[in-house]
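Working notes for the structure below.
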Amino acid sequence: MARIEYADLSQGEAAVLADRIVAERGSVLHLYQMLLHSPPAAEGWLTYLTAIRHRCSLDGAIRELVIMRIAHLNRAPYEADQHAPIALREGLRQDQLDALALDDVPSDLFDARERAVLAYADAMTRSVQVPDPVFQAVRRHFPDRELVELTATIAAYNMVSRFLEALQVHSADRR
Numbered sequence: 001m002a003r004i005e006y007a008d009l010s011q012g013e014a015a016v017l018a019d020r021i022v023a024e025r026g027s028v029l030h031l032y033q034m035l036l037h038s039p040p041a042a043e044g045w046l047t048y049l050t051a052i053r054h055r056c057s058l059d060g061a062i063r064e065l066v067i068m069r070i071a072h073l074n075r076a077p078y079e080a081d082q083h084a085p086i087a088l089r090e091g092l093r094q095d096q097l098d099a100l101a102l103d104d105v106p107s108d109l110f111d112a113r114e115r116a117v118l119a120y121a122d123a124m125t126r127s128v129q130v131p132d133p134v135f136q137a138v139r140r141h142f143p144d145r146e147l148v149e150l151t152a153t154i155a156a157y158n159m160v161s162r163f164l165e166a167l168q169v170h171s172a173d174r175r
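Numbering-wise, UniProt numbering puts 108 at position 108 of the sequence shown, and it's gapless, one number per residue.
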């Protein structure tokens, strides 16, 4: 159960933004219902995460690979629940998704590019600072724009999991 009640979506700014979220996303997920306690924060979050997920040129499978890895590293089950079906649609296999939950991801399930991406996501998530060899390994696989988008995606989804877990937002919560 979440640490605070979910926002009332029937009043004022929250209602207006909830309508926009439904129009853009189909429904108001638990995450956004919690964020809607602060419509300005929810609106900024929506704009940023929509850009990351729908407007960037980063390959969807790579995006979902890092999102799923971050969800497991940060012990954020809501994030993993929401993104597992998306990851499968983007081309990841179930055995790869299962492996992302392990401390040491088996390298034989991922190609060199994916292994470099996972090392980068692990470094950014676990220690924030990225060692030069890890950066150079991932750098070889991406042009500047995609490298910035990959970095922004990893940073964004670390933000997501930290928000979810601080407020204990979970898929099974009643709203």
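Backbone N, C-alpha and C define an ideal beta-carbon position, used for all residues, glycine too.
Setting aside the 5 residues that flank it on each side, Glu149 is surrounded in the same chain by Cys56 and Leu58, each with a C-beta closer than 6 Å to its C-beta; the list follows chain order. Assigned with DSSP and collapsed to three states, Phe163 falls in helix. Look at Arg93 here: in three-state DSSP terms it is coil, with no helix or strand label.
When C-alpha distances from Phe135 are compared across Thr125, Glu146 and Ala119, the shortest belongs to Ala119. Secondary structure of His30 (DSSP, three-state): helix. The Cβ atoms of Ala7 and His37 lie closer than 7 Å to each other. Leaving aside the five residues that flank Glu13 on each side, the residues in its chain whose CB is nearer than 7 Å to its CB run, in chain order, Pro39. Residue environment analysis places Ile4 among the exposed positions, since fewer than 16 neighbouring C-beta atoms fall within 10 angstroms of its C-beta.
Close CB contacts of Ala152 within its chain, under the 8 Å cut and outside five residues either way in sequence, are with Ile52 and Cys56 (chain order). Sixteen is the threshold: since fewer than 16 other Cβ atoms of the shown chains lie within 10 Å of the Cβ of Leu102, the residue is exposed. Per DSSP, Pro131 lies in no alpha helix (DSSP H) segment and is marked neither H nor E. Between Met68 and Ala87, the gap from beta carbon to beta carbon is short of 7 Å. Distance from the CA atom of Thr47 to the CA atom of Leu109, rounded to whole angstroms, is 34 Å.
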